[in-house]
Each structure stands twice: as structure tokens, then as C-alpha cells.
Amino acid sequence: MMRNKFDVATNPKELLQFLKLNRGLFFIRSNKVTLVKNRPSEDGSENGSDEGDVESNNNSVFPLDQNALARIHFVKALKPAQELVERLLQDIHNQERKVVGLDFKTVTVGIDGELFLSLCVVATQSQIGVFDLASSDVIIMESGLRDILESDKITKVIHDARRVGSLLAHKYAVHMVNVFDTQVAHSVLQHEKFGKPLHDLRSISFINLQRVYYPQSIMLSDVTPRKLSQSPNWGIRPMSDELLLSSVEEAHCLLSALHQTLSNLIPVHLRGLFEDKCIEVLLASPTRPPPLSFNPGSPYRISTRGGRSQPISYASQPNYGDRAAAAYTPPASARRMADACTQTFSTGDIQVLNVFYE
1 MMRNKFDVAT NPKELLQFLK LNRGLFFIRS NKVTLVKNRP SEDGSENGSD EGDVESNNNS
61 VFPLDQNALA RIHFVKALKP AQELVERLLQ DIHNQERKVV GLDFKTVTVG IDGELFLSLC
121 VVATQSQIGV FDLASSDVII MESGLRDILE SDKITKVIHD ARRVGSLLAH KYAVHMVNVF
181 DTQVAHSVLQ HEKFGKPLHD LRSISFINLQ RVYYPQSIML SDVTPRKLSQ SPNWGIRPMS
241 DELLLSSVEE AHCLLSALHQ TLSNLIPVHL RGLFEDKCIE VLLASPTRPP PLSFNPGSPY
301 RISTRGGRSQ PISYASQPNY GDRAAAAYTP PASARRMADA CTQTFSTGDI QVLNVFYE
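Counting in full-length UniProt numbering, the sequence shown runs from 1 upward without gaps.
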């Protein structure tokens, strides 16, 4: 690291430290370093950039670092969740524009890839709420969080709403409205640039969305780009401070920068298309996979609209991920009648509750 005009970096670690201390000048990607102002645009790719005016971003949101931990509130019980929702709503109502950053962290359980909500993150201008849905799935129904998700007066800025839209609808009967989906925004911009149909365009991961539209957020993060692109195990409890900061990065960045940047980039004549597509991604899919077997040892429980929640089984060790496609439950089949004399364990008409050995 350069300590005076005669001192230079003597090893890669010192060089990296120097570059990080000057993030306003240098953009670091993999093993390549470029000047921020002179960084070439990426117009030749579907994942390329139509970079907006970063200075116009909403910079009134607090910076995300170790000092921000006091503004991040993690709750795992209903009563604290209700109190947190009240504080979040106060913040929202005090804003001129009622906008929040929203993110869901999921876990995938079993060989069939059943998807469950583990965390819900809601970011406002002054604080971030992290709701532990794995500890208590009634939080989403009874804390007031559902009112935020279903409010047409509060804009929810989210990346890839389709990922959780059907999951919320089928398992919790929660139907989100009024979302600003950055996945849709990027697709609309690429549709305008390349003239391709929207369904032919590739989706973009959140880390690549940051690289294209707001690379400063990656430079200012203490997490390396490689770690940012890897999905942590969102099922870990208790959560460390590092994991808690990682869990809120997406919602914070969506609210503090990407919402305004992408909103400015969408031309007026594409606004209607963008809004229609944001509604479309929230429509629940009518198809659902077959039900899984049950095991009381699982911490994640199937939540249905009218029925009692039941635990599902681990066919193997849980495979945690945040970008898996939402899984759906099939419609209940008609009851099957069988003569008593033909009922066997193999047909499933008789179920074993317990077995005792002498």
C-alpha cells in the first residue's frame, strides 16, 4: 500500500487494500482493475448496461456496514414481529413516496426440492426488518407483514418476484400487489435494446444486476464478489452478524439505488408494458407437484390455506439455496373408496402409527 510517494505495495494483499481504500477511483472485477469513470460500457450483451445516472439514486438511505447493525432488527416471534411491523409502517407513512426494499431468503429441502421461506427482509429509509419465518411461519400471517405485501399503496422493490409469488399464494394465501420487479425492468430494457421478445431474454442474477447498473455497491461491500455470487445457507440459526448483514444487502441495495436507477431508465412508452409484466409475474401458477411424505423432525412445515400445517420429511440433508424455482402443491385428489377386506399396508389404506416390539 502506498504510504508516501516513495512507498509502494509490496504484495497483492497490500495492493488490494489500497484499491479498496480508493473505491471511488477503481472498479475491481475478478483480476481486472479499471478506473470507475473510464470503465467501458457493456452494450454488446443481453446482460449489458444502459447505465443510469447514479447520482440521482436515493442516497438518503443509511450506508450498510458494521455500524448499521443497530438499524437491523431480527425477530423470530410473533409479538416482536408485530411491534417491528408497526415501526416499519411508521417509517413508510412518513415517506413522501411509500417504497420499501423487499427480499425473501429461501431454503430447499429434500430430493424433490420443496421450497420454503426462511427469511423476509423489509428495508425502509431508516431501518431494516428481518423476519425469521422458519422459527414461526405465522409471522407472515398475523404480524401485519401480510398487510405490507398486499397493500396497493406501498411499492415493493424486489428482484425476481416470480420466485416467491406463487409460493406466497399457494402456501400462505398471500397475494402481493404493487411490486417494482428489477428482473422485469432489466428484461424490458433489453427488449428495447435488442428487439427480442421478452420470453427469449435471459434472466439476470442479482449480483450481475448490481454489476451492470450499480457496481459501486459491490465495491463498497466488504464481501468479495465471489462470495456475493454464492448463496449462503439461509437456514443457519443462530445468525451471525456477518450473515445478518449479508441477508439485508439485497433489500438495502434495491431501495437505496436500483429502484431509482432502473425507474429513470425505463422510457415512457414502455411504462405500461413494464407494469403489466410486474402484475403477470405475481400470478400464481395453477400447477403443483405431488405432496411429499411427512416427518416430525423437519423444522419447515407445509402451510396450506385452510388446513393444518404439517412437517415435511428430509429425504436427504437439506440443500439450501436462494434462487430455486418456486414449488407448488397439487390440488387435493378425490377420496378413494376401498372394501375393508382388500385394505393392506401396500395400498396405503392402512397407516402405521407406531410399532411395538417385545
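Each residue gets a CB set at the ideal place from its N, CA and C atoms; glycine is no exception.
Note down, in chain order, each residue of its chain lying with its Cβ closer than 7 Å to the Cβ of residue i, except the 5 sequence neighbours on either side.
{"i": "C120", "result": "F104, F131, L133, I140 and L145"}
{"i": "I92", "result": "K98, V100, T124 and I154"}
{"i": "Q82", "result": "S143 and G144"}
{"i": "L201", "result": "E46, S187, Q190 and H191"}
{"i": "P232", "result": "L243 and S246"}
{"i": "L78", "result": "S136, V138, I139, E142 and S143"}
Pull up the DSSP beta-bridge partners for residue i, would you.
{"i": "residue 420", "result": "Coverage of the chain is limited to positions 1 through 358, which leaves residue 420 absent and any answer about it impossible."}
{"i": "F104", "result": "C120"}
{"i": "H73", "result": "G129"}
{"i": "V109", "result": "E114"}
{"i": "F206", "result": "Answer is none; F206 lacks a bridge partner."}
{"i": "F180", "result": "V157"}
{"i": "V99", "result": "T155"}
Run through DSSP, which three-state label would residue i get?
{"i": "F62", "result": "coil"}
{"i": "I92", "result": "helix"}
{"i": "G272", "result": "helix"}
{"i": "D200", "result": "helix"}
{"i": "L243", "result": "helix"}
{"i": "V188", "result": "helix"}
{"i": "N233", "result": "coil"}
{"i": "P267", "result": "coil"}
{"i": "Y214", "result": "coil"}
{"i": "L262", "result": "helix"}
{"i": "L84", "result": "helix"}
{"i": "E280", "result": "helix"}
{"i": "P238", "result": "coil"}
{"i": "Q310", "result": "Bear in mind that a pLDDT of 45 at Q310, under 50, signals an unreliable position, so the model cannot answer this."}
{"i": "L19", "result": "helix"}
{"i": "P291", "result": "At P291 the pLDDT is 38, less than 50, meaning the model places this residue with poor confidence and gives no usable figure here."}
Pick from the options: whose alpha carbon is nearest that of residue i?
{"i": "P80", "options": "V138, S126, H93 and E96", "result": "V138"}
{"i": "A161", "options": "L201, K277, V33 and P12", "result": "K277"}
{"i": "S256", "options": "R87, D91, A123 and L243", "result": "A123"}
{"i": "H269", "options": "A251, H191, V164 and L244", "result": "H191"}
{"i": "E150", "options": "L168, R163 and R87", "result": "L168"}
{"i": "L198", "options": "S187, N208, S205 and L35", "result": "S187"}
{"i": "F180", "options": "R202, S166, K193 and D152", "result": "D152"}
{"i": "F206", "options": "Q260, Q183 and L64", "result": "Q183"}
{"i": "S143", "options": "K76, M239 and S263", "result": "K76"}
{"i": "F62", "options": "S217, D147, L117 and P232", "result": "S217"}
{"i": "L282", "options": "L19, E250, D112 and V164", "result": "V164"}
{"i": "D65", "options": "Q127, F194, K196 and L89", "result": "Q127"}
{"i": "F74", "options": "P238, R271 and C253", "result": "P238"}
{"i": "Q230", "options": "H259, V212 and N208", "result": "N208"}
{"i": "I158", "options": "H259, G195 and R271", "result": "H259"}
{"i": "V212", "options": "M176, W234 and L262", "result": "L262"}
{"i": "I236", "options": "E86, I111, P12 and S118", "result": "S118"}
{"i": "I279", "options": "V248, E250, E249 and M176", "result": "M176"}
Within a Cβ cutoff of 8 Å, which residues of the same chain sit near residue i, ignoring the five residues on either side of it in sequence?
{"i": "L69", "result": "D241, L244 and L245"}
{"i": "F274", "result": "V184, A185, V188 and I266"}
{"i": "S203", "result": "D160, Q183 and S187"}
{"i": "L88", "result": "V100, V122, T124, Q127, G129 and I148"}
{"i": "Q95", "result": "T124 and Q125"}
{"i": "N178", "result": "S151, D152, K153, I154, T155 and K156"}
{"i": "R71", "result": "F62, S126, Q127 and I128"}
{"i": "H252", "result": "V61, L64, G101, A123 and I128"}
{"i": "E86", "result": "G144"}
Within the same chain, show all residues whose beta-carbon is closer than 6 Å to that of residue i, passing over the 5 residues directly before and after it, in chain order.
{"i": "Q210", "result": "S217 and I218"}
{"i": "L84", "result": "H73, V75 and G129"}
{"i": "L254", "result": "G101 and V157"}
Counting only beta-carbon separations shorter than 8 Å, does residue i have a partner in chain D?
{"i": "L15", "result": "The structure shown contains no chain D; it is built from a single protein chain."}
- Entirely within the region 114-177 and at least 3 residues each: give me those beta strand (DSSP E) ranges in chain order. 114-123, 128-132 and 155-158, all fully within the region 114-177.
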